[in-house]
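Residue 230 in this note's numbering is what sits at position 227 of the sequence shown, and the numbering runs on without skipping anything. Below you'll find the structure, written out as structure tokens, and then a few comments.
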Amino acid sequence: MAETAYLDGPNARLAYAHTPGEGPTVVFLSGYKSDMEGTKAVHLEAWAEARGRAFLRLDYSGHGQSGGVFEEGCIGDWAQDAQAVIEAVTEGPLVLVGSSMGGWIACLLAKRLSARLAGFVGIAAAPDFTEDGFWAGFSDEEREKVMTEGVTYLPSAYGDPYAVTKRLIEDGRENLVLRAPLPMAVPVRLMQGTEDEAVTRETALRLLDHIEGDDVQLCFVKGADHRFSEPENLAMIEVAIVEVGG
Numbered sequence: 004m005a006e007t008a009y010l011d012g013p014n015a016r017l018a019y020a021h022t023p024g025e026g027p028t029v030v031f032l033s034g035y036k037s038d039m040e041g042t043k044a045v046h047l048e049a050w051a052e053a054r055g056r057a058f059l060r061l062d063y064s065g066h067g068q069s070g071g072v073f074e075e076g077c078i079g080d081w082a083q084d085a086q087a088v089i090e091a092v093t094e095g096p097l098v099l100v101g102s103s104m105g106g107w108i109a110c111l112l113a114k115r116l117s118a119r120l121a122g123f124v125g126i127a128a129a130p131d132f133t134e135d136g137f138w139a140g141f142s143d144e145e146r147e148k149v150m151t152e153g154v155t156y157l158p159s160a161y162g163d164p165y166a167v168t169k170r171l172i173e174d175g176r177e178n179l180v181l182r183a184p185l186p187m188a189v190p191v192r193l194m195q196g197t198e199d200e201a202v203t204r205e206t207a208l209r210l211l212d213h214i215e216g217d218d219v220q221l222c223f224v225k226g227a228d229h230r231f232s233e234p235e236n237l238a239m240i241e242v243a244i245v246e247v248g249g
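If you want it as structure tokens, here you go:
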């Protein structure tokens, strides 16, 4: 396992683990309140290292071992963080692997780093979830609370309640990716579990429809949940990385 290193990012001191190697660098982008010590990130790092492949995992500000306060962050900040680490420690082509919120961040980076993009893998990708998930699901009272008090809390099946802030909602609207086509002139593989309770099948289909490319595939996996971390799921991710990035 690569040792954790740090750099001063645009929003906080950022933690990352970089494994040098051949081929396009595989960059794992984790989800909302997740970190680079998650099952998929650590498994894929070991998989890449065993094959001599370059690999990068990282913690956004307010996540994991990075500095900053989670409740003060937003999609724009976390995309900036990921871009800063990628540009500081990698060179050449990239395969972006985005899990849940990381799929949204990967979409943003695919546009910003398009000249370096070699492939894209989305795992239960959750683009635009602050608007189409949180805001759309709020009652009038919850909407008023978040806009006047600055924060509201939602229960989570994955740990502590989600703190949804006014800044998260407003910044999310500045970074939506499902309102216009997403050009990706690289191989794209999207995977979605049928038992995912956090991201809907409709979201996966919307992302499929918005990506413009000649090699874009979506695979629904019967029985898989949002974590997508069972051994057979991890094996599918490995295959997808090879398909898009050699």
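For glycine and all other residues, C-beta sits at the position ideal for the given N, C-alpha and C.
Using the beta-carbon count (16 or more within 10 Å), is residue i buried or exposed?
| i | result |
| --- | --- |
| residue 150 | exposed |
| residue 192 | buried |
| residue 230 | buried |
| residue 238 | exposed |
| residue 13 | exposed |
| residue 118 | exposed |
| residue 55 | exposed |
| residue 43 | buried |
Under the DSSP definition of a beta bridge, which residues are partnered with residue i?
| i | result |
| --- | --- |
| residue 11 | 16 |
| residue 257 | This structure gives no information on residue 257, because the portion of the chain shown stretches from 4 to 249. |
| residue 21 | 59 |
| residue 220 | 192 |
| residue 186 | 215 |
| residue 166 | 156 |
| residue 102 | 126 |
Give the single residue among the options whose Cα lies nearest to the Cα of residue i.
| i | options | result |
| --- | --- | --- |
| residue 28 | 57, 172, 143 and 92 | 57 |
| residue 87 | 239, 62, 68 and 240 | 62 |
| residue 244 | 85, 154, 45 and 190 | 190 |
| residue 128 | 74, 221 and 121 | 221 |
| residue 108 | 123, 174 and 81 | 81 |
| residue 175 | 77, 24, 156 and 94 | 77 |
| residue 180 | 138, 72, 134 and 121 | 134 |
| residue 35 | 21, 84, 104 and 92 | 104 |
| residue 169 | 157, 96 and 153 | 153 |
| residue 20 | 241, 41, 120 and 194 | 41 |
| residue 10 | 24, 45 and 85 | 85 |
| residue 188 | 16, 123 and 33 | 123 |
| residue 23 | 93, 131 and 136 | 93 |
Is any heavy atom in the ligand HEM found nearer than 7 Å to the beta carbon of residue i?
| i | result |
| --- | --- |
| residue 132 | With respect to the ligand HEM, the structure offers nothing, as it holds no ligand at all. |
Would you tell me roughly how many angstroms separate the C-alpha atoms of residue i and residue j, rounded to the nearest one?
| i | j | result |
| --- | --- | --- |
| residue 148 | residue 111 | 29 Å |
| residue 166 | residue 51 | 34 Å |
| residue 234 | residue 249 | 21 Å |
| residue 226 | residue 209 | 21 Å |
| residue 201 | residue 47 | 22 Å |
| residue 49 | residue 4 | 7 Å |
| residue 38 | residue 31 | 10 Å |
| residue 247 | residue 116 | 16 Å |
| residue 68 | residue 8 | 10 Å |
| residue 60 | residue 73 | 18 Å |
| residue 106 | residue 196 | 15 Å |
| residue 53 | residue 126 | 22 Å |
| residue 232 | residue 66 | 20 Å |
| residue 140 | residue 90 | 36 Å |
| residue 156 | residue 219 | 36 Å |
| residue 228 | residue 194 | 11 Å |
| residue 6 | residue 70 | 17 Å |
| residue 25 | residue 17 | 24 Å |
| residue 211 | residue 15 | 33 Å |
| residue 173 | residue 199 | 26 Å |
| residue 178 | residue 242 | 30 Å |
| residue 131 | residue 171 | 11 Å |
| residue 114 | residue 96 | 14 Å |
| residue 83 | residue 224 | 31 Å |
| residue 137 | residue 236 | 27 Å |
| residue 79 | residue 120 | 20 Å |
Just checking: is the beta-carbon of residue i within a distance shorter than 8 Å of some beta-carbon in chain D?
| i | result |
| --- | --- |
| residue 221 | The structure shown contains no chain D; it holds only a single protein chain. |
Practice task
Flag this pair as touching only if the segment 157 to 171 and the segment 204 to 212 have three or more C-beta atom pairs under 8 Å; answer yes or no.
Solution key: no
Problem - Given 8 Å, three or more beta-carbon pairs between the segment 136 to 146 and the segment 97 to 114 - result: no
Exercise for the section: Would you check if the segment 177 to 187 and the segment 210 to 219 touch, i.e. whether three or more CB-CB distances between them fall below 8 Å? Expected result: yes
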